[in-house]
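Some notes on the structure that comes next.
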Amino acid sequence: MEILLVASAFNSLTQRVFAALRDRGHTVGVELASGSALVAAVRQRSPELIIAPMLKTALPDEVWTTVACLIVHPGPLGDRGPSSLDRAVQDGCDTWGVTVLQAEAEMDAGPVWATVDCPLPPRGKSDLYRNEIADAALEAVLLAVERFTSGAHEPGTGAYELGTHEPSAHEPSAHEPGTYEPLSQELPEIRQRVVTRPFLRQPERRIDWSADSTADVLRKLRAADSQPGVLDELLDGEWFLHGGHEEDRLRGRPGELLATRHGAVCRATVDGAVWIPQLRPRRTPGAQSTFALPATLALGPQLPRLPEEPVELELPAGRRTWTDIRYREHGEVGTLSFSFAGGAMGTSQCRRLLAAYREACSRPTSVLLLGGQRDFFSNGIHLNVIEAAADPGLESWANINAIDDLVEAVLTTTDRLVVAALGGNAAAGGAMLALAADEVWCRDGVVLNPHYRLMGLTGSEFWTLSLPRRVGPQAAHALVTQALPVSAERAATMGLVERVIACPPEEFGAHAAHLAEHLAGMPGTPARIARKKAARERQEAERPLRLFRDAELERMHTIFFDPEQPYHALRRAFVHKHAVLATPEHLRPPLPRTPQARPQGQSVARSAVHTSL
Numbered sequence: 081m082e083i084l085l086v087a088s089a090f091n092s093l094t095q096r097v098f099a100a101l102r103d104r105g106h107t108v109g110v111e112l113a114s115g116s117a118l119v120a121a122v123r124q125r126s127p128e129l130i131i132a133p134m135l136k137t138a139l140p141d142e143v144w145t146t147v148a149c150l151i152v153h154p155g156p157l158g159d160r161g162p163s164s165l166d167r168a169v170q171d172g173c174d175t176w177g178v179t180v181l182q183a184e185a186e187m188d189a190g191p192v193w194a195t196v197d198c199p200l201p202p203r204g205k206s207d208l209y210r211n212e213i214a215d216a217a218l219e220a221v222l223l224a225v226e227r228f229t230s231g232a233h234e235p236g237t238g239a240y241e242l243g244t245h246e247p248s249a250h251e252p253s254a255h256e257p258g259t260y261e262p263l264s265q266e267l268p269e270i271r272q273r274v275v276t277r278p279f280l281r282q283p284e285r286r287i288d289w290s291a292d293s294t295a296d297v298l299r300k301l302r303a304a305d306s307q308p309g310v311l312d313e314l315l316d317g318e319w320f321l322h323g324g325h326e327e328d329r330l331r332g333r334p335g336e337l338l339a340t341r342h343g344a345v346c347r348a349t350v351d352g353a354v355w356i357p358q359l360r361p362r363r364t365p366g367a368q369s370t371f372a373l374p375a376t377l378a379l380g381p382q383l384p385r386l387p388e389e390p391v392e393l394e395l396p397a398g399r400r401t402w403t404d405i406r407y408r409e410h411g412e413v414g415t416l417s418f419s420f421a422g423g424a425m426g427t428s429q430c431r432r433l434l435a436a437y438r439e440a441c442s443r444p445t446s447v448l449l450l451g452g453q454r455d456f457f458s459n460g461i462h463l464n465v466i467e468a469a470a471d472p473g474l475e476s477w478a479n480i481n482a483i484d485d486l487v488e489a490v491l492t493t494t495d496r497l498v499v500a501a502l503g504g505n506a507a508a509g510g511a512m513l514a515l516a517a518d519e520v521w522c523r524d525g526v527v528l529n530p531h532y533r534l535m536g537l538t539g540s541e542f543w544t545l546s547l548p549r550r551v552g553p554q555a556a557h558a559l560v561t562q563a564l565p566v567s568a569e570r571a572a573t574m575g576l577v578e579r580v581i582a583c584p585p586e587e588f589g590a591h592a593a594h595l596a597e598h599l600a601g602m603p604g605t606p607a608r609i610a611r612k613k614a615a616r617e618r619q620e621a622e623r624p625l626r627l628f629r630d631a632e633l634e635r636m637h638t639i640f641f642d643p644e645q646p647y648h649a650l651r652r653a654f655v656h657k658h659a660v661l662a663t664p665e666h667l668r669p670p671l672p673r674t675p676q677a678r679p680q681g682q683s684v685a686r687s688a689v690h691t692s693l
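Residue numbers (our numbering): 81 to 693.
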């Protein structure tokens with residue numbers, strides 16, 4: 081079927097839906113345009129179905145009145161409003177859901193094609209959006225497409241109990257998806273309570289450091305972790321706070337800055353303290369847009385003299401504190417996990433991770449699990465830090481060499497097996513870091529973007545070795561030139577990954593650790609390690625790693641230090657979140673030769689507006 085995805089950005093959820101629909105044989109295009117440009121694109125393409133995984137603007141009347149439009153709403157049946165997930169996280173809900181509705185004049189009020197519930201563990205909003213919410217959204221979208229394609233299903237018409245009641249956090253009928261009657265595949269009528277919640281503005285997000293408990297502070301920070309952040313006053317300035325993690329030992333006067341650790345700052349609450357990894361200055365009228373940076377880098381000379389609070393690489397059981405790199409060991413398996421905001425790895429982060437990797441390799445284990453937790457694995461170099469540098473070209477060069485050092489360490493580890501365990505997405509240099517391992521294991525919800533072209537880069541991280549040896553030269557060329565997302569399932573069929581683990585996001589670490597223990601205990605593992613060492617020696621004799629690295633870096637050096645190269649403009653546009661002026665051509669499949677007929681019995685949409693991440 082010819083399906084058009086209409087989105088405000090080609091974000092993680094849109095990419096996942098795109099890849100999954102293509103895997104199932106549909107012809108899928110993407111339009112990031114709005115208004116008259118979108119109308120023209122729809123007329124030209126004549127899709128059978130439009131799906132909006134993430135839309136921040138209204139669909140034009142000419143679109144929803146002529147083509148069936150399905151809107152993905154990140155809320156359970158009966159939920160309405162533009163800040164659905166934000167409010168769920170801030171209110172401390174432990175279950176939520178995703179609903180796919182046919183577009184109507186009123187937002188989130190159309191006939192329901194599918195609804196799927198999901199757990200909502202105490203995590204940041206963006207993490208939940210990429211994981212539990214994305215899992216439920218994909219399940220709901222695939223079910224809705226199946227029902228639409230059948231031509232026999234009539235969506236729920238909705239016999240609603242209308243209202244705009246603002247419920248409390250303890251009112252289950254308003255918040256818990258399980259209290260709604262399930263969507264019947266046979267009976268189109270649905271009875272439910274409808275709750276419309278308004279946009280969550282900064283006054284409601286505001287932290288009262290003199291009164292809010294640590295739990296309250298964390299909920300507010302988690303509900304705004306990526307966007308929009310929590311506006312706050314700090315050191316005589318206004319800053320947006322991004323991310324929050326509990327600290328169990330440090331204490332001080334509420335609101336006081338207590339310590340720093342690896343770029344984050346620790347701030348006291350009335351009953352404890354929280355770590356805040358990133359800050360973004362409030363934009364002043366007429367000034368350029370601002371962007372998030374590691375907190376200490378953002379504050380710069382404004383930061384008072386604070387102690388750098390060290391933390392063990394291997395934390396004791398029960399310790400509750402923030403650290404972006406951790407090591408755990410169980411028998412023959414060592415697990416080196418890391419979690420960097422947005423998956424970006426700056427120069428200092430790469431160097432610290434390399435030091436931790438070398439320490440992990442000093443341990444008497446036979447399998448080293450690299451990653452092994454939920455959410456982002458890595459997206460490569462840190463474009464925000466590069467953009468903020470006095471010399472972006474020089475910082476780009478330092479960053480790429482630091483990540484190359486890390487990848488080279490993985491490639492030259494010959495005394496144990498290294499498994500990259502991806503609980504979340506990986507892109508560019510982060511994807512190539514994973515491919516340097518002996519095996520790659522992915523959670524089934526992972527999306528890979530093993531390419532650099534869209535940022536104007538040719539790439540490094542030894543990709544010219546790792547990618548072709550896994551998928552072959554032709555497939556490697558297609559991946560880096562087509563620059564399209566790849567689902568975990570598709571990656572497995574191509575040879576990019578060895579194992580896809582089907583499990584909820586919260587369970588991935590335990591599943592990966594169990595499988596690593598099984599691998600370490602296999603009788604053939606010692607012999608495999610010996611063969612690995614011999615193979616590395618043969619490859620080094622045929623073509624040393626240094627030659628791969630030198631050739632890649634020669635091209636990257638030219639790009640980094642030439643201000644006219646597209647990389648610099650593309651980086652600025654990415655960091656400052658410039659609006660997309662036109663849909664990239666690589667997201668548009670060839671036009672169909674003849675107009676596609678709509679399945680029998682399907683009504684066209686009535687309207688659509690939806691705001692999401």
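For each residue, glycine too, the CB sits at the ideal point set by N, CA and C. This structure is a prediction, so every number in the text was calculated from the model and none was measured.
Output needed for residue i: all residues of its chain with C-beta closer than 6 Å, excluding positions within five of it in sequence on either side, in chain order.
i    : result
A304 : R285 and V310
G105 : none
P664 : none
T427 : A478, N479 and A482
A518 : The question names Ala, but residue 518 in the sequence shown is Asp. Cβ within range, chain order: L497 and V498.
E597 : V413
Go to residue i, then tell me how far its alpha helix (DSSP H) extends in each direction, as first and last residue.
i    : result
D207 : K205 to R210
Y532 : Note, Y532: premise wrong, no alpha helix (DSSP H); not H, not E.
F640 : L625 to F640
I609 : T605 to E622
G115 : G115 to R125
I461 : Looking at the DSSP string, I461 is not in any alpha helix (DSSP H), and its letter there is neither H nor E.
A592 : F588 to G601
R579 : Unbroken run through R579 is the beta strand (DSSP E), R579 to I581; no alpha helix (DSSP H).
I694 : Missing from the structure shown is residue 694; the chain here goes from 81 to 693 and no further.
I388 : In the sequence as presented, Ile is not what sits at residue 388; that position holds Glu. It is not in any alpha helix (DSSP H) - E388 carries neither H nor E in the DSSP assignment.
So is the beta-carbon of residue i under 8 Å away from any non-hydrogen atom of the ligand ZN?
i    : result
A120 : In the structure shown, the ligand ZN is absent, as is every other ligand, since no ligand is present at all.
Work out the CA separation of residue j and residue i for me, nearest whole Å.
i    : j    : result
G452 : V413 : 12 Å
L486 : A478 : 13 Å
L386 : R341 : 10 Å
A489 : R443 : 15 Å
A117 : P669 : 17 Å
R125 : D159 : 33 Å
L559 : H531 : 7 Å
D524 : L595 : 15 Å
K136 : L661 : 15 Å
H245 : V169 : No answer about H245 holds up, because its pLDDT of 32 lies below 50 and its placement is not dependable.
L200 : L165 : 10 Å
V178 : R611 : 48 Å
C149 : A291 : 46 Å
T544 : L537 : 14 Å
F98  : W144 : 20 Å
V110 : N211 : 22 Å
Looking at the unbroken beta strand (DSSP E) that takes in residue i, where does it start and where does it end?
i    : result
F418 : V413 to F418
I356 : A353 to I356
P199 : V192 to P199
Q95  : It is not in any beta strand (DSSP E) - Q95 instead sits in the alpha helix (DSSP H) that spans S92 to D103.
Q182 : T175 to Q182
E318 : G317 to H322
Q717 : No answer is possible for residue 717: the residues shown for the chain start at 81 and end at 693.
What does a CB cutoff of less than 8 Å around residue i pick up in its chain, not counting 5 residues either side in sequence?
i    : result
E768 : It is not possible to answer for residue 768, since the shown part of the chain is limited to 81 through 693.
Q368 : H656
E214 : For the sequence presented, residue 214 should be read as Ala rather than Glu. Only S92, L93, R96 and G525 meet the Cβ criterion.
E409 : E394, T415, R443 and T445
P643 : G473
List the whole-angstrom C-beta distance separating residue i from residue j, where the pair is believed to meet the contact cut-off of C-beta under 8 Å.
i    : j    : result
S540 : E632 : 4 Å
F456 : G504 : 5 Å
S458 : F640 : Actually they do not touch by this definition, with Cβ atoms about 20 Å apart.
L564 : H666 : 7 Å
Apart from the five residues just before and just after residue i, which ones in its own chain have a Cβ nearer than 7 Å to its Cβ?
i    : result
P278 : G161
I287 : V297, K300, V310 and D312
*Taking 8 Å as the threshold, find out whether the stretch 220-234 comes into contact with the stretch 125-135 through three or more Cβ pairs.*
yes
*Tell me, please, whether the stretch 411-430 touches the stretch 447-465 by the rule of three or more beta-carbon pairs shorter than 8 Å.*
yes
*Between the stretch 211-222 and the stretch 190-199, do three or more beta carbon pairs fall short of 8 Å?*
yes
*Do the stretch 353-361 and the stretch 372-391 meet, that is, are 3 or more Cβ pairs less than 8 Å apart?*
yes
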